[in-house]
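Just so you know, the protein sequences line up as chains B and W, in that order.
Under my numbering, residues 41 to 154 are what the first sequence spells out, in order.
Under my numbering, residues 102 to 215 are what the second sequence spells out, in order.
Glycine included, C-beta positions come from ideal geometry on N, C-alpha and C.
Note that the coordinates shown come from a computational prediction; the quantities given were computed from them, not determined experimentally.
Have a look at the structure below, then the notes.
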Amino acid sequence: ETGVTQSPTHLIKTRGQQVTLRCSSQSGHNTVSWYQQALGQGPQFIFQYYREEENGRGNFPPRFSGLQFPNYSSELNVNALELDDSALYLCASSGWREGPDTQYFGPGTRLTVL
Amino acid sequence: KQEVTQIPAALSVPEGENLVLNCSFTDSAIYNLQWFRQDPGKGLTSLLLIQSSQREQTSGRLNASLDKSSGRSTLYIAASQPGDSATYLCAVRVRAGTASKLTFGTGTRLQVTL
């Protein structure tokens, strides 16, 4: 298992609500990426944070936002939830020592929007 | 826009068989290509990483090849075992703003039967 943890494991929300997902990076890792994986699909890149700033973003609307904290833990916030937001949300961390190629993925948070 | 395709979508083989999973991508401007394993409802485990300048990588019973000019990669699994049953995802690392991101295929779901 990797040192990347995510919480909660599962979450059920209703359409229109807001949700916050959390990721704790592997020790020493200063870069975190978030991915959305719909059922039966491959993960899709949401955004990446490096040293508390967003430095890359995929094709997701602004209601998907994030934060990275000084201890390099991270949050993914989604406002105005839609049914299509139901997915497994994965975070992955990497560090300067190993480089961006060596990413460690967390177990994911399963979000269900009703 | 980079697109990654994996064939077949699903595969069932008897234990002991050798098998090949295929991956193709549309844009050769990649940093590297990775093969991941995903167990149901779980995160991703990196199996092999091939840099864009390399042709293949091997780890135990796994061998992955890369032909960047033709946009193709294969994952060869020798002497398959029931424990190999999982979804196998191919991903290419590409530029995303000042960062890089993984673009995934939709995966091949492998079942190895006794």
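Exclusion of the five residues before and after Asn123/W leaves Ile108 and Thr175 as the residues of its chain whose Cβ lies within less than 6 Å of its Cβ.
Leu123/B sits in a helix when the DSSP states are folded into three classes. For Thr54/B, there is no enclosing beta strand (DSSP E), as DSSP marks it with neither H nor E. Note: Gly106/B is bridge-paired with Leu116/B in the DSSP secondary-structure output.
DSSP places Pro147/B in the coil class of the three-state scheme, outside both helix and strand. Nearest C-alpha to Val213/W among Asn119/W, Glu104/W, Ser153/W and Val105/W: Asn119/W. Residue environment for Val121/W: exposed (fewer than 16 other C-beta atoms within 10 angstroms of its C-beta). Annotation: Cβ neighbours of Leu130/B in chain W (cutoff 8 Å, chain order): Gly144 and Leu145. Rounded to the nearest whole angstrom, the C-alpha separation of Asp141/B and Leu61/B is 24 Å. The DSSP-derived three-state label of Gly96/B is strand. The Cβ atoms of Ser186/W and Leu211/W sit closer than 8 Å to each other.
Shown here, Pro183/W sits in a helix according to DSSP, grouped into three states.
Under the three-state reduction of DSSP, Asp168/W is assigned to strand. The criterion of a C-beta distance shorter than 8 Å is not satisfied by Ser201/W and Glu116/W.
Residue burial annotation: Thr152/B is exposed, with fewer than 16 other C-beta atoms found within 10 angstroms of its C-beta. For Phe85/B, the chain W residues whose C-beta falls within less than 9 Å of its own C-beta are Ala197, Lys202, Leu203, Thr204 and Phe205, listed in chain order.
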